[in-house]
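Undergrad: Protein chains in written order, with the UniProt record's numbering: chain A, 1 to 73; chain B, 1 to 73; chain C, 1 to 73.
Sharing a structure with you now.
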């Protein structure tokens, strides 16, 4: 049953991408709406979004690296 | 049971595409609405959306590469 | 059935990324909207968001480390 690790690598890589997509996408959606409502706050809103996106990206890439470990095992 | 790796590659590739699609789609939808509400903020909104889309794309492509590794194993 | 540990590592890594993505993304979305409504409260809103994001990040990274342990077993 060693193929289970490969199955886990594929499913995990996809799930991590879903998490990053939904999370960063939601943050970006609200950032776009906020920018439209207060164009003069663009840089503040963008900085907030990038901080959050970087945190999400960190966990997601960590998860992808784990899946690489599993895939190359 | 070595076929499990191929199963994981297929499922993972699809899940990653779901994540990127929903995330970037949501960001783009709100960017379009924001641009419609404040046409003069178009470039700010577009820059915000591209930053977020690039981050989502990075994780999703990483996941797809893992699935390619599994598929070619 | 020792491959089940690898399967769990991959799925767990993806689920942890989903949790972090949805949680931090939701916090960032509301922070962006709050900043747009009260631009002068930007730093307060951002600090609150970073505290929450750090707490979510802590649990998610703990989960990722557990998955690393499983993957390297």
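Note that beta-carbon positions come from the ideal geometry of N, C-alpha and C, so glycine has one too.
How do the segment 8-15 of chain B and the segment 1-20 of chain A stand: do at least 3 beta-carbon pairs fall below 8 Å, yes or no?
TA: A contact exists between the segment 8-15 of chain B and the segment 1-20 of chain A.
Undergrad: Specify whether the segment 33-41 of chain A and the segment 29-39 of chain B touch according to this definition: at least 3 beta carbon pairs, one from each stretch, less than 8 Å apart.
TA: At 8 Å Cβ cutoff, the stretches touch.
Undergrad: Would you kindly report the start and end of the unbroken alpha helix (DSSP H) that includes residue 61 of chain A?
TA: As a working mapping, residue 61 of chain A is identified with position 61 in the first chain. That run of the alpha helix (DSSP H) goes 42-71.
Undergrad: Does residue 72 of chain B get closer than 8 Å to chain A when you measure Cβ to Cβ?
TA: Along the second chain, one-based indexing puts residue 72 of chain B at 72. False, the Cβ-Cβ gap to chain A never drops below 8 Å.
Undergrad: Under DSSP, the alpha helix (DSSP H) around residue 33 of chain A begins and ends at which residues?
TA: Position 33 of the first chain holds residue 33 of chain A. Element bounds for residue 33 of chain A: 4-37.
Undergrad: Which whole-angstrom value is the C-beta distance of residue 55 of chain C and residue 62 of chain A, which I expect to be below 8 Å?
TA: Along the third chain, read from residue 1 onward, the residue named residue 55 of chain C stands at position 55. Along the first chain, read from residue 1 onward, the residue named residue 62 of chain A stands at position 62. In fact, because the Cβ distance is near 17 Å, the residues do not count as touching under 8 Å.
Undergrad: Which same chain residues end up closer than 8 Å to residue 57 of chain B when comparing Cβ atoms and leaving out the 5 residues on each side of it in sequence?
TA: In the second chain, counting from the first residue as 1, residue 57 of chain B sits at position 57. Contacts found: 20, 24.
Undergrad: Apart from the five residues just before and just after residue 42 of chain A, which ones in its own chain have a Cβ nearer than 8 Å to its Cβ?
TA: Mapped onto the first chain, residue 42 of chain A falls at position 42. Result list for residue 42 of chain A: 35, in chain order.
Undergrad: Establish whether the CB of residue 10 of chain A and some CB of chain B are separated by less than 8 Å.
TA: Within the first chain, the letter at position 10 stands for residue 10 of chain A. By this cut-off, residue 10 of chain A is an interface position.
Undergrad: If we cut at 8 Å on Cβ distances, does residue 48 of chain A have a partner in chain B?
TA: Looking up residue 48 of chain A in the first chain gives position 48. False, the Cβ-Cβ gap to chain B never drops below 8 Å.
Undergrad: Counting only beta-carbon separations shorter than 8 Å, does residue 3 of chain C have a partner in chain A?
TA: Stepping through the third chain from its first residue, residue 3 of chain C is reached at position 3. Yes, residue 3 of chain C counts as interfacial toward chain A.
Undergrad: Residues in its own chain within less than 6 Å of residue 67 of chain C by CB, not counting five upstream and five downstream?
TA: Working through the third chain from its first residue, we reach residue 67 of chain C at position 67. Cβ within range, chain order: 9, 12, 13.
Undergrad: Can you check whether the C-beta of residue 15 of chain A is within less than 8 Å of a C-beta belonging to chain B?
TA: Here residue 15 of chain A refers to the residue found at position 15 of the first chain. Judged by the 8 Å Cβ criterion, residue 15 of chain A is in contact with chain B.
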